[in-house]
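The next block holds one structure in the form of structure tokens; read it before the comments.
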Amino acid sequence: MKAFDDEEKKFIVQQLLIKGKEIFKQYGIKKTTIRQLVKSVDIATGSFYLFFDSKEELYFQIFTNEIKEEIEKNQEIMTSLTDHPKKMVKFIIGNFINVMENNAILNKLLVWEENTLLQYKFSSRSKEMRDFLIRFVQEWQNMNILIDINTEVLAGSIRALLFLTYHKEGIGDLNYKESLDLLIDSLVNQIVIKKD
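Straight run, no breaks: the sequence shown in the working numbering ends on number 196.
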């Protein structure tokens, strides 16, 4: 196995993130192979494991980068809505669901078997993703925007909305958006204590 200097390591990681994103978009998590990933950046199969423990670990890093990018993109809008807590919480929940459905990397988690595979292999990473949402909810609670109830219950309620995307077909494509909006409005009206 070739030894890489620090610059080469940084470059290879960046390339794996870029090329991996393209490959995961095309094939999904389950069908993507280590061979495809290493071929795309011209390294040996064994060398991959110098950078990531598994293809799922690479996916999680790409996923995390995508989430951060989406948050940064919407930071200005979120900040402008600080004085309108219901609108802000509704925007963030609705936007997150929209991004999950439309972002080619994030929506891989909306494929049941892809999500199940990741949860099985990486229960600790699943916890990280839950904790990410819990931090948002805690921040809102610290701002006295949300009702005083167990943070994990609030985060779980928001997460439950995300799971509706698995049932889009069962809800009916014609009614899905309206049903989702109704549930988001209902949740926001229940949990937000400050009036707009």
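Note that CB positions come from ideal geometry on N, CA and C, so glycine has one too.
Which residues does DSSP pair with Val192 in a beta bridge? Translated into the one-based positions of the sequence shown, residue 192 becomes position 192. DSSP output for Val192 lists Leu146 as bridge partner(s).
What is the DSSP secondary structure of Ala155, counted as helix, strand or coil? As a position in the sequence shown, residue 155 is number 155, starting the count at 1. Correct three-state label for Ala155: helix.
Beta carbon of Lys246, beta carbon of Ile105: below 8 Å? The chain is shown from 1 up to 196; residue 246 falls before or after that span and cannot be answered.
Among Ile158, Val192, Phe132 and Ile191, nearest to Leu180 - alpha-carbon criterion: The residue you call residue 180 lines up with position 180 of the sequence shown. Minimum Cα distance to Leu180 is reached at Ile158.
For the candidate residues Asn175, Leu133 and Pro85, whose alpha-carbon lies nearest to that of Thr64? Here residue 64 corresponds to residue number 64 of the sequence shown, with the count starting at 1. With distances taken between Cα atoms, Thr64 lies closest to Leu133.
What residue from Phe52, Gln61 and Trp140 has the CA that sits closest to Lys90's CA? For the purposes of this step, residue 90 is taken as residue 90 along the sequence shown, with counting starting at 1. For Lys90, the nearest C-alpha among the options comes from Trp140.
For Ile43, which three-state DSSP category applies? Here residue 43 is taken as the residue at index 43 of the sequence shown, counted from 1. Ile43 falls in the coil class under three-state DSSP.
Buried versus exposed, by CB contacts within 10 Å (16 or more), Ile147: Working through the sequence shown from its first residue, we reach residue 147 at position 147. The residue in question, Ile147, is exposed, as its Cβ has fewer than 16 Cβ neighbours within 10 Å.
Out of curiosity, what's the CA-to-CA distance linking Gln36 and Ala44? The residue you call residue 36 lines up with position 36 of the sequence shown. The residue you call residue 44 lines up with position 44 of the sequence shown. Approximately 11 Å between the Cα atoms of the pair.
With 16 other Cβ atoms within 10 Å as the buried cut-off, status of Thr33: As a working note, residue 33 is residue 33 in the sequence shown. Classification for Thr33: exposed.
Write down every uninterrupted run of the alpha helix (DSSP H) in the segment 49 to 97 whose length is 4 residues or greater and which is fully enclosed by it, in chain order. 55 to 80
Go through its chain and collect everything with a Cβ distance to Leu81's Cβ below 8 Å, but skip five positions before and after it. Stepping through the sequence shown from its first residue, residue 81 is reached at position 81. Around Leu81: Lys87, Met88 and Phe91.
Compare the Cα-Cα distances from Glu137 to each of Asn98, Thr151, Met129 and Asn144 and report the closest residue. Taking the sequence shown and counting its residues from 1, one reaches residue 137 at position 137. Reading the sequence as shown, one finds Val at residue 137 and not Glu. For Val137, the nearest C-alpha among the options comes from Thr151.
Residue of Ile71, Leu187, Lys177 and Gln15 minimising C-alpha distance to Phe279: Nothing about residue 279 can be reported from this structure: the residues present for the chain run from 1 to 196 only.
By how many angstroms is the C-alpha of Phe24 removed from the C-alpha of Glu57? Counting from one through the sequence shown, the residue named residue 57 turns up at place 57. Counting from one through the sequence shown, the residue named residue 24 turns up at place 24. Cα-Cα distance, rounded: 12 Å.
So Ile29 and Tyr59 are in contact, right, with Cβ under 8 Å, and what is the actual spacing, rounded? For the purposes of this step, residue 29 is identified with residue 29 of the sequence shown, where counting begins at 1. For the purposes of this step, residue 59 is identified with residue 59 of the sequence shown, where counting begins at 1. Correct: roughly 5 Å between the Cβ atoms.
Work out the CA separation of Asn98 and Glu178 for me, nearest whole Å. For the purposes of this step, residue 178 is identified with residue 178 of the sequence shown, where counting begins at 1. For the purposes of this step, residue 98 is identified with residue 98 of the sequence shown, where counting begins at 1. Their backbone Cα atoms lie some 13 Å apart in a straight line.
Near Gln15, what residues of its chain come up, given a Cβ to Cβ distance below 8 Å and the 5 sequence neighbours on each side ignored? Taking the first residue of the sequence shown as position 1, residue 15 is located at position 15. For Gln15, where only same-chain residues beyond five positions count, the Cβ hits under 8 Å are Ser40 and Val41.
Alpha carbon to alpha carbon, how far is Leu17 from Lys68? What you label residue 17 is simply residue 17 of the sequence shown in a count that begins at 1. What you label residue 68 is simply residue 68 of the sequence shown in a count that begins at 1. Rounded to whole angstroms, Leu17 to Lys68 spans 14 Å at the Cα level.
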